[in-house]
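Engineer: My numbering numbers the first residue of the sequence shown as 5 and each following residue consecutively.
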Amino acid sequence: MIRRITGFSKFSKEEKIDWLVKAFFNKQSITKETLKSYWNTNEKLQRLHDDFIENTISNFYLPYGVAPNFIINDVDYTIPMVIEESSVVAAASLVGKFWSTRGGFKATILGTTKIGQVHFMYAGRFSELQSYFKAIKSDLIDSTSAITTNMRKRGGGILDIELRSKTAELDNYYQLNITFETKDSMGANFINSCLEVIATRFQKEGIQIVMSILSNYAPGCTVKAEVSCKIEELIQGTSEIDPEVYAQKFKTAVDIANVEPHRAVTHNKGIMNGIDAVVLATGNDFRAIEACAHAYAAKDGRYKSLTHCEVKEGFFKFWIEIPLAVGTVGGLTALHPMAKLSLEMLQNPSAEELMKIIAVAGLAQNFAALRALTTTGIQKGHMKMHLMNILNQLGATIEEKEKTISYFENVSVTHSAVHEFYKTLK
Ligand code: MEV
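#1: Could you please give me the residues that DSSP links to G161 through a beta bridge?
#2: In the DSSP assignment, what residue or residues form a beta bridge with G120?
#3: Figure out for me which residue from E264, G120, G335 has the closest Cα to the Cα of I202.
#4: Closer than 8 Å by C-beta to I213: which residues in its own chain qualify, once you throw out the five before and the five after it? Chain order, please.
#5: Only counting the same chain, and skipping five residues up and downstream in sequence, which positions put a Cβ closer than 6 Å to that of A372?
#6: Return the chain-ordered list of same chain residues with a C-beta closer than 7 Å to the C-beta of N340, the five sequence neighbours on each side being excluded.
#7: For R156 and F194, I'd like the C-alpha separation in whole angstroms.
#8: For a test of your reading of the model: does the CB of A376 fall under 8 Å from any non-hydrogen atom of the ligand MEV? Yes or no.
#9: Return the first residue and the last residue of the alpha helix (DSSP H) that C296 is part of.
#10: When the Cα of I182 is compared with those of D175, D188, L174, R168, which residue comes out closest?
#11: Measuring from the CB of A373, is there a heavy atom of the ligand MEV at a distance below 8 Å?
#12: Along the chain, where does the alpha helix (DSSP H) that runs through W103 open and close?
#13: Could you compute how far the alpha carbon of M342 sits from the alpha carbon of M85?
#14: Would you kindly work out how many angstroms separate the C-alpha atoms of I6 and A376, rounded to a whole number?
#15: In the DSSP assignment, what are the bridge partners of S169?
#16: Within the present structure, is the beta-carbon of T379 separated from the nearest heavy atom of the ligand MEV by less than 8 Å?
#17: Examine the ligand MEV and report whether any of its heavy atoms sits within less than 8 Å of the Cβ of T256.
#18: Give the straight-line distance between the Cα atoms of V3 and Q252, rounded to the nearest whole angstrom.
#19: Within this structure, are the beta carbons of I279 and A111 separated by less than 9 Å?
#20: In terms of alpha-carbon separation, which member of K48, D78, P72, E88 lies closest to F64?
#21: Taking 8 Å as the cut-off, is the C-beta of G274 nearer than that to any heavy atom in the ligand MEV?
#22: For I382, is the beta carbon positioned less than 8 Å from some heavy atom of the ligand MEV?
#23: Excluding the 5 residues preceding and the 5 following I162 in the sequence, name in chain order all residues of the same chain whose CB lies nearer than 8 Å to its CB.
#24: Among V93, N176, G305, E230, which residue has its Cα nearest to the Cα of G128?
#25: Give me the DSSP bridge partner(s) of W4.
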């Protein structure tokens, strides 16, 4: 069997699938059927998705859910979330509602600038390079004017260009560190186009341009979201938990994430459950957001929590500070019908508003996780959803699901226990 191919990208979709199933699958017709069952019957829509990437052969669904009852800066939101992990939307919904009766979330933008860099090598004297840069700096900015016209009209563009010597880290290595404001667009294409033009103009004997690329590390594009309440308001209903003890334990959980990177990674992963889900639903680049968030978490030299907690003078305060370079115009936000729909659900936010909403989704997720971890543990909630997944795999009817869920109210959920109980229903 030949498992290598040339000219694959030129094949039609059918031809690609034919080759693939012959080369790698035993049950060829079932595999073909599965792949085709995920094609959209609306051909125009399918073509749109086909064209997002090369060699598309089908679609890969993820659930699209919503978490209602979020109040952010006194505005009501229902937050769209794309995620496969069973407990995330349920947790967001609970937390949204919880804080809606305690003043909601407050969010503020700390900055919106982004960075692009031209990396180059230069073996000559630094003072000469500095003189050359000083003389050409405004020219470098002018050279991009054709690209930046529209952005400048929207209040964005190049804010500054700095020459930086990095020779202490790497012999002969320098960079042009360029600060951008890209308003409502994420700005990757804009920044990269500007950088390439600048690099072409930045020519002097001895300068060797290595590469020109935006930095996905965007600490200048940061948002803060927070919640606070009186400590006694932290506990709902008739719970016997002492609110003061609970608040302190919650804070200790955050403190642990600040001193223990193993815990911090899981802690921040929980935050990213909420963040990535909204980033995906709005057509933004979750890899860029992830890479940046984790670099930010390590900005003090140790990987730490992205959230913070204070229990002081009778008040509980919990907040997140995180860079979120997202856009609400351009890219997939304009192309993907579901991304557009998500943005409409969020009342067509500016990029700054979207940063606030996404930060809130991350904070809410972390609140849910820490609340569960420091009280009942997370398995109780997770297992409910796990049970539903097993029942769906088994093809259970609504009635069978109801009976099984009620049976497992007080019985531990394991794969084999559910299978055993399910057999008794049959
Ligand atoms: C699971 O996806 C996320 C949690 O592990 C986060 C945490 O431990 O804080 C529950």
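C-beta atoms are modelled at their ideal positions from N, C-alpha and C, and glycine is treated no differently. What you are looking at is a predicted structure, and each value in this text was computed from that prediction instead of being measured.
Structural biologist: With the given structure in hand:
#1: E185
#2: I182, L218
#3: G120
#4: V122, H123, F124, A203, F206
#5: A95, V99
#6: In the sequence on display, residue 340 carries His and not Asn. Contacts found: G287.
#7: 12 Å
#8: yes
#9: 290-301
#10: R168
#11: yes
#12: 92-104
#13: 11 Å
#14: 52 Å
#15: Y178
#16: no
#17: no
#18: Here the chain has residues from 5 to 430 only, and residue 3 is not among them.
#19: no
#20: E88
#21: yes
#22: yes
#23: I145, T148, T152, I182, T183, F184, C198
#24: N176
#25: No answer is possible for residue 4: it lies beyond the span of the chain, which begins at 5 and ends at 430.
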